[in-house]
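> Below you'll find the structure I mean.
2 protein chains.
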Amino acid sequence: MPVKARDRLLATAEELFYAEGIRAVGIERILAESGVGRASLYRHFPSKDDLVVAVLEARDRRWRSWLAERVEALGGRPLAVFDALAERFVRNDFRGCAFINTMIESADPDSPAHRVAAAHKESVVGYLEQLLTAAEVAEPALLARQFVLLMDGAVVTALRERTAAPAERARRLAETLLAAAGSTA
Amino acid sequence: MPVKARDRLLATAEELFYAEGIRAVGIERILAESGVGRASLYRHFPSKDDLVVAVLEARDRRWRSWLAERVEALGGRPLAVFDALAERFVRNDFRGCAFINTMIESADPDSPAHRVAAAHKESVVGYLEQLLTAAEVAEPALLARQFVLLMDGAVVTALRERTAAPAERARRLAETLLAAAGSTA
DNA sequence: TCCAGACGGTACTGATCGGTACCGTTTCCG
DNA sequence: CGGAAACGGTACCGATCAGTACCGTCTGGA
Chain R
7 MPVKARDRLL ATAEELFYAE GIRAVGIERI LAESGVGRAS LYRHFPSKDD
57 LVVAVLEARD RRWRSWLAER VEALGGRPLA VFDALAERFV RNDFRGCAFI
107 NTMIESADPD SPAHRVAAAH KESVVGYLEQ LLTAAEVAEP ALLARQFVLL
157 MDGAVVTALR ERTAAPAERA RRLAETLLAA AGSTA
Chain Y
7 MPVKARDRLL ATAEELFYAE GIRAVGIERI LAESGVGRAS LYRHFPSKDD
57 LVVAVLEARD RRWRSWLAER VEALGGRPLA VFDALAERFV RNDFRGCAFI
107 NTMIESADPD SPAHRVAAAH KESVVGYLEQ LLTAAEVAEP ALLARQFVLL
157 MDGAVVTALR ERTAAPAERA RRLAETLLAA AGSTA
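Below you can see the structure in the form of structure tokens.
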């Protein structure tokens, strides 16, 4: 557990928001489980919405650097993203993609939380485009969006099936996609 | 607007739940917008959770018969499911898949709402398996799960992009998948 | 050493949550 | 035509929501 109140709040809020949903977790819970005083929370974050945004921004940075690190460790090929996902799917605390969940929970597309979540997805698309460009694939921009569609489909499916199988399924799909793109090139 | 109180409740609740989320919509809102008295609601549904389950079960039936009807109208081929989805994506009130949204919002996998939503997805998988079997494709059971993964990925992506493009993207993926399966058969 | 800022704890606000109780009216069916 | 069931409206319940105010304490840097 982090030492500073602000860091403890972010860590506790992220864990609870991800596990149970943003709306489902009250300020009271976050205070109790983080051991932070009420006033301290509102000293660092003017409102719950600000806390939510801060949590999402922190998670965005951490998640994308985690993905890049795993992909590199797994060989650096674009298909490695699905192997990285598989590692997440089997974890006991896996609850889908925090950013998909946020976009669904905060329905209003103009809400700050929704915007941060949408921006995260665009960043992931950008990362995959860069990965596919490095792999010298034809039409990396189109393929990147198809890869992310497969990743999101796998995440949502894994939420139901609670196994790593959807990652493998999406990977196979991506493989045939690469093979088809390579053959027509 | 339906005449009977129960039907009005179901219609109003479904619309509000889909548009804003289950948690975000209070009983008060449903009563006000449906014009139903408080006691009447609790006469038909013992609790909000029961109303939620009833709404989801009704939507499940309607959604699946809608899909079957559209697929048949579009020629009956498995790929037609993506054309059907495209029709939904461009609607102004499109807010993703109500069942995915429900599984995310009611995080507990054992909750009644979550269970109904998960059962819906399995029914869709069953429908696609039947569709793919009729199309005499190799390994229809595996392909059905891959198709549903693509459908869910397209839905989640359409939620961000707000166009029909993800449906087309998923359709292309499914086409290459069918082509690959056909060539290895 | 001293003091300012960060901190945890508690009491409180008005609003809203899901749910209950009881009211008088309307509607439909025998 | 009569009565019972279905209905809409309102007052109310305890619990919880996000947010404010003020308390005494602890801590780190000058």
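One line per chain: the protein sequences are R and Y, in this order.
Numbering of the first sequence is given in the working numbering, commencing with residue 7 and proceeding in unit increments.
Numbering of the second sequence is given in the working numbering, commencing with residue 7 and proceeding in unit increments.
Just so you know, even glycine gets a beta-carbon here, dropped at the ideal spot from N, CA and C.
What number of angstroms, rounded off, separates the C-alpha of Ile-28 of chain Y from the C-alpha of Leu-85 of chain R?
Here residue 28 of chain Y refers to the residue found at position 22 of the second sequence. Here residue 85 of chain R refers to the residue found at position 79 of the first sequence. Between Ile-28 of chain Y and Leu-85 of chain R, the C-alpha separation is close to 37 Å.
> Compare the C-alpha of Phe-100 of chain Y against each of R:Leu-148, R:Asp-114 and R:Gly-43 and name the closest.
Stepping through the second sequence from its first residue, residue 100 of chain Y is reached at position 94. Among R:Leu-148, R:Asp-114 and R:Gly-43, the Cα nearest to that of Phe-100 of chain Y is on R:Asp-114.
> In the DSSP assignment, find the alpha helix (DSSP H) that holds Val-58 of chain Y and state where it starts and stops.
Here residue 58 of chain Y refers to the residue found at position 52 of the second sequence. Segment 54-79, the alpha helix (DSSP H) holding Val-58 of chain Y.
> What are the residues of the region 149-161 of chain Y that lie near chain R, defined by any Cβ-Cβ distance shorter than 9 Å?
Residues Arg-151, Gln-152, Val-154, Leu-155, Leu-156, Met-157, Asp-158, Gly-159, Ala-160 and Val-161.
> Under 8 Å, Cβ to Cβ, is there at least one residue of chain R near Lys-54 of chain Y?
Looking up residue 54 of chain Y in the second sequence gives position 48. Closer than 8 Å: no.
> Would you verify that the beta carbon of Thr-18 of chain R is, or is not, closer than 8 Å to some beta carbon of chain Y?
Your numbering for residue 18 of chain R matches position 12 in the first sequence. For Thr-18 of chain R, the answer is no, since every Cβ of chain Y falls outside 8 Å of its Cβ.
> If contacts are defined as beta-carbon pairs under 8 Å, then Leu-149 of chain R and Val-143 of chain R qualify, I think. What distance do you get, rounded to the angstrom?
Taking the first sequence and counting its residues from 1, the one referred to as residue 149 of chain R is at position 143. Taking the first sequence and counting its residues from 1, the one referred to as residue 143 of chain R is at position 137. Yes, they are in contact, since the Cβ atoms of Leu-149 of chain R and Val-143 of chain R sit about 6 Å apart, within 8 Å.
> Using a Cβ-Cβ distance cut-off of 8 Å, determine whether Ala-104 of chain Y contacts chain R.
In the second sequence, the residue the question calls residue 104 of chain Y occupies position 98. Output row for Ala-104 of chain Y: interface = no.
> Would you be able to state if there are at least three C-beta pairs under 8 Å between the region 76-90 of chain R and the region 50-60 of chain R?
Too few Cβ pairs lie closer than 8 Å, so no.
> Indicate whether the contact test is met: 3 or more Cβ pairs, each with one atom in the region 115-133 of chain R and one in the region 110-124 of chain Y, closer than 8 Å.
The answer is no - the region 110-124 of chain Y does not touch the region 115-133 of chain R, with fewer than three Cβ pairs under 8 Å.
> Starting from the Cα of Ser-40 of chain R, find the closest Cα among R:Ala-30, R:Leu-22 and R:Arg-49 and give me that residue.
Position 34 of the first sequence, counting from 1, holds the residue named residue 40 of chain R. It is R:Leu-22.
> So Ala-201 of chain R and Ala-141 of chain R are supposed to be a Cβ contact under 8 Å. How far apart are they, rounded?
The structure shown has nothing for residue 201 of chain R, since chain R only spans 7 to 191.
> Taking Cβ positions, are Met-157 of chain Y and Val-87 of chain Y nearer each other than 8 Å?
Looking up residue 157 of chain Y in the second sequence gives position 151. Looking up residue 87 of chain Y in the second sequence gives position 81. It is a contact, given that the beta carbons lie within the stated cut-off.
> Compute the Euclidean distance between the alpha carbons of Thr-182 of chain R and Thr-182 of chain Y, then round it to the nearest angstrom.
As a first step, residue 182 of chain R is located in the first sequence; it is residue number 176 there, counting from the start. As a first step, residue 182 of chain Y is located in the second sequence; it is residue number 176 there, counting from the start. Distance between the alpha carbons of Thr-182 of chain R and Thr-182 of chain Y is about 7 Å.
> Counting only beta-carbon atoms, is Ala-11 of chain R nearer than 8 Å to chain Y?
The sequence position of residue 11 of chain R within the first sequence is 5, counting from 1. Closer than 8 Å: no.
> Going by the beta-carbon positions, is the gap between Leu-37 of chain Y and Leu-47 of chain Y smaller than 8 Å?
For the purposes of this step, residue 37 of chain Y is taken as residue 31 along the second sequence, with counting starting at 1. For the purposes of this step, residue 47 of chain Y is taken as residue 41 along the second sequence, with counting starting at 1. Result yes, Cβ atoms of Leu-37 of chain Y and Leu-47 of chain Y sit closer than 8 Å.
> By the criterion of Cβ-Cβ separation under 7 Å, what are the contact partners of Leu-134 of chain Y in chain R?
As a working note, residue 134 of chain Y is residue 128 in the second sequence. Those do not exist, as Leu-134 of chain Y stays about 13 Å from chain R at its closest Cβ, beyond 7 Å.
> Any beta carbon of chain R sitting closer than 8 Å to that of Ala-113 of chain Y?
As a first step, residue 113 of chain Y is located in the second sequence; it is residue number 107 there, counting from the start. Ala-113 of chain Y counts as touching chain R.
> Report yes or no: is there a C-beta of chain R within less than 8 Å of the C-beta of Leu-91 of chain Y?
On the second sequence, position 85 is the one that residue 91 of chain Y refers to. It does not: the Cβ of Leu-91 of chain Y has no partner Cβ on chain R nearer than 8 Å.
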